[in-house]
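Numbering (this note's numbering), first residue to last: 5 to 257. This report concerns only the one structure given below.
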């Protein structure tokens, strides 16, 4: 294809993706009420435990409630439209990929997407404990007046961070396939990985809930070791191929 043909193809793909996102945002805007109630659940729980004078969610400007709904509609719409705009990106770059690269990309996306959403769901499960811990630093007699926009940003950033932490093993495997990190190197850091998993779980779960802490830490640790195990398998396969081709696998790349 010529440069002009590539640009026309790109414009077509971007147009389809943009229209899909706008339509999904309109649909998402219609269901923002249950979404707002869902992400506000930690605040509601705190109000039930300690009273409405202890913590409240506030809209500080005339347009803040509408702005919050638009931000939620954009985030949910982008998620709902993900199959379409991801396919448009894939369809644009796929002709330039080899069959092996296509296979790796499909496997990467197929593993990353469910892990990311599993992380987001886990973040929503632990968010009440995180918020309860943070507002616990409020001095006696103080009141937590939370701006709705900042609260929304905190919840969604927490979801993104935990979601990405669940996807990290997939990135590690990708680095291994690219020859940047070996399976042995991954396992060398197992002590630090377990320590980080335990500290994160301890922060994200209530102090008295030891079972939840070890469950979350266990999930993160299993994902880490699973990535290391797959990396070792890929390393062995690569070593066998190099030996078959008459190359020395112990020489630096």
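Note that CB positions come from ideal geometry on N, CA and C, so glycine has one too.
ask   = Should residue 39 and residue 150 be called a contact, given that it needs their Cβ atoms to be closer than 8 Å?
value = In the chain shown, residue 39 corresponds to position 35, counting from 1. In the chain shown, residue 150 corresponds to position 146, counting from 1. No, the Cβ-Cβ distance between residue 39 and residue 150 is not below 8 Å.
request  = May I ask you to list the residues that DSSP assigns as paired with residue 62?
outcome  = The residue you call residue 62 lines up with position 58 of the chain shown. Paired residues: 151.
ask   = Quick one, which of 217, 189, 248 and 128 has its alpha-carbon nearest residue 228's?
value = Residue mapping note: residue 228 aligns to position 224 of the chain shown, counting from 1. Per the Cα distances, 189.
Whole-number beta carbon distance between residue 42 and residue 77, since they are thought to touch under 8 Å = Numbered from 1 along the chain shown, position 73 holds the residue referred to as residue 77. Numbered from 1 along the chain shown, position 38 holds the residue referred to as residue 42. The Cβ separation is near 14 Å, so there is no contact.
inquiry  = So, with DSSP's three-state summary, where would you put residue 18?
reply    = Residue mapping note: residue 18 aligns to position 14 of the chain shown, counting from 1. Of the three classes helix, strand and coil, the one that applies to residue 18 here is helix, per DSSP.
ask   = On the three-pair Cβ rule with 8 Å, is the segment 190–205 touching the segment 220–234?
value = yes
For residue 23 and residue 93, the rounded distance between their alpha carbons = Sequence index remark: in the chain shown, residue 93 carries index 89 (1-based). Sequence index remark: in the chain shown, residue 23 carries index 19 (1-based). Those two C-alpha atoms are separated by around 14 Å.
task = Classify residue 85 as helix, strand or coil using the three-state DSSP reduction.
result = Taking the chain shown and counting its residues from 1, the one referred to as residue 85 is at position 81. Residue 85 falls in the coil class under three-state DSSP.
request  = Put residue 169 into one of helix, strand or coil per three-state DSSP.
outcome  = In the chain shown, counting from the first residue as 1, residue 169 sits at position 165. Helix at residue 169.
request  = Classify residue 67 as helix, strand or coil using the three-state DSSP reduction.
outcome  = Reading the chain shown from its first residue, position 63 is the one you call residue 67. In the structure shown, residue 67 sits in coil (DSSP, three-state: anything other than H, G, I, E or B).
query = Roughly how far, in whole angstroms, is the beta-carbon of residue 181 from the beta-carbon of residue 96, given that I think they are within contact range, below 8 Å?
reply = Translated into positions along the chain shown, residue 181 becomes position 177. Translated into positions along the chain shown, residue 96 becomes position 92. Contact flag wrong, Cβ pair sits at about 23 Å.
ask   = Taking just the CA atoms, how far does residue 111 sit from residue 191?
value = Taking the first residue of the chain shown as 1, we reach residue 191 at position 187. Taking the first residue of the chain shown as 1, we reach residue 111 at position 107. Cα-Cα distance, rounded: 22 Å.
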